[in-house]
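Written out below as structure tokens is the structure these notes cover.
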Amino acid sequence: MSVVPAPAWRRAAQPQDVQTLEPPLFALRDLGVRYGAVQALAGVNLRVLPGERVALVGANGSGKSTLLRVLHGLVRPSAGQMRRDGTPRVAMVFQRPFVLRASAVSNVALGLWLRGVRWKQARAQAAAALQRVGLQDVVRRNARTLSGGQQQRLAFAGAWALRPDVLLLDEPTASLDPHAKREVEALMADFAASHGSAGPAQPLTMVFSSHNLGQVKRLASRVVYLEHGRVLADLPVHDFFNGPLPEAARLFVKGEMT
Ligand SMILES: Nc1ncnc2c1ncn2[C@@H]1O[C@H](COP(=O)(O)OP(=O)(O)OP(=O)(O)O)[C@@H](O)[C@H]1O
Ligand SMILES: [Mg+2]
1 MSVVPAPAWR
11 RAAQPQDVQT
21 LEPPLFALRD
31 LGVRYGAVQA
41 LAGVNLRVLP
51 GERVALVGAN
61 GSGKSTLLRV
71 LHGLVRPSAG
81 QMRRDGTPRV
91 AMVFQRPFVL
101 RASAVSNVAL
111 GLWLRGVRWK
121 QARAQAAAAL
131 QRVGLQDVVR
141 RNARTLSGGQ
151 QQRLAFAGAW
161 ALRPDVLLLD
171 EPTASLDPHA
181 KREVEALMAD
191 FAASHGSAGP
201 AQPLTMVFSS
211 HNLGQVKRLA
221 SRVVYLEHGR
231 VLADLPVHDF
241 FNGPLPEAAR
251 LFVKGEMT
């Protein structure tokens, strides 16, 4: 009997391929999400390890935002299960940032205050987070008057202020001009190189969705391709762009690259 090796994209999805003894931060098994009649995710098996930078790619409506919401705990699976290792601190930057008509520093401080940090301390931590993202000159400006790129950096400051172990980013540069895009990408790279709440031994984990394959190449360590709520490919970034892919994923990459 001859043994035919599985195609690379199938092999990569096998749990035994994970070359580390570290427990996964997230382990999704046969996970499904329904919104009424819409099956947004189906049969998703996914393990995310500490320090990974996972890019979720796929066409509109393929389930990227839903998967991020599941990881954040905002959406409950309607089938299968998700296990988390311990209680990682998870922060998310949403596809459309939510900005209150208040100063930049109050916007960030509010997120901390809602988690039990006293207001004075929350403002001090918020100011530090704004400095981290380069918004130190607009700390007191009404956040609604900030540019799109600045508002996105404000959202990053809000996430960063929570000192997350896991940062979830939903199309973080989708509506930005090239200059603002580069700034936000630099922040992503900077955050990816940092660590979680337990210190340097615990690298930050990042999961982000993107339609920008150049950005995926630059920032991801691994790529998960979704189609109609299913994971069709799950590969190290190099293999995703250089190796064989299922036909649908190949056509998607070709279409997005031209
Ligand atoms: N709150 C909701 N109620 C009903 N259907 C929803 C809801 N949110 C998402 N959906 C549907 O679930 C499917 C997956 O949507 P999702 O937003 O996860 O896709 P996506 O990959 O993030 O798309 P995009 O690239 O446009 O952001 C789509 O068919 C969408 O219409
Ligand atoms: Mg989305």
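Just so we're aligned: the sequence shown equals residues 1 to 258 in UniProt numbering.
All C-beta atoms in this analysis are idealised placements derived from N, C-alpha and C, irrespective of residue type, glycine included.
Beta-carbon proximity check, residue i vs residue j, cutoff 9 angstroms
i: A201; j: L154; result: no
i: V70; j: M82; result: yes
i: R144; j: R101; result: yes
i: V216; j: F240; result: yes
i: V44; j: G229; result: yes
i: S209; j: L169; result: yes
i: V139; j: A127; result: yes
i: T205; j: L68; result: no
i: A27; j: F252; result: no
i: H211; j: A157; result: no
For residue j and residue i, believed in contact at Cβ under 8 angstroms, the rounded distance
i: V48; j: V207; result: 6 angstroms
i: G196; j: P172; result: No, G196 and P172 are not in contact; Cβ-Cβ is about 19 angstroms, not under 8 angstroms.
i: V33; j: L41; result: 4 angstroms
i: V108; j: A129; result: 6 angstroms
i: E256; j: S62; result: Rounded, the Cβ-Cβ distance is 13 angstroms, inconsistent with contact.
i: S65; j: Q95; result: 6 angstroms
Residues near residue i in its chain [Cβ-Cβ closer than 7 angstroms; skip 5 each side]
i: L176; result: G148, G149, Q152 and V184
i: W113; result: W119 and A122
i: A189; result: L219
Simplified DSSP assignment, three categories, for residue i
i: P50; result: coil
i: E256; result: helix
i: W9; result: Here the model assigns W9 a pLDDT of 49, short of 50, so the residue's position is not dependable and the matter cannot be decided.
i: A27; result: strand
i: S103; result: strand
i: S62; result: coil
i: N45; result: strand
i: D190; result: helix
i: Q16; result: Because the pLDDT of Q16 is 41, which lies under 50, any placement of that residue in the model is unreliable, and the question is left without a value.
i: P178; result: helix
i: M1; result: The predicted model places M1 with a pLDDT of 47, which falls under 50 and marks its position as unreliable; any figure quoted below should be read in that light. Coil.
i: A91; result: strand
i: R144; result: helix
Residues near residue i by beta carbon distance below 6 angstroms, same chain, minus five either side
i: A91; result: A159, L162, P164 and L167
i: A249; result: Y225, L232 and A233
i: D85; result: P23 and L25
i: A180; result: G149
i: A12; result: Low confidence applies here, because A12 scores a pLDDT of 46, under 50, leaving its location unreliable and the question unanswered by this model.
i: V18; result: A caution first: V18 carries a pLDDT of 45, below 50, which makes its placement in the model unreliable, though a value can still be read off. Excluding sequence neighbours, V18 sits near nothing in its chain.
i: G111; result: G158
Neighbourhood of residue i by C-beta distance below 8 angstroms, restricted to the same chain and skipping five residues each side
i: E22; result: L49 and P50
i: R89; result: L162, R163, P164, D165, V166, G196 and S197
i: K254; result: none
i: H72; result: V90, M92 and L168
Within-9 angstroms CB hit, residue i to chain D
i: L169; result: Absence of chain D from the displayed structure is noted, only one protein chain being present.
Does the count of Cβ pairs from the segment 72-79 and the segment 241-255 closer than 8 angstroms reach three? no
Under 8 angstroms: do the segment 221-230 and the segment 49-56 share three or more Cβ pairs, one atom per stretch? yes
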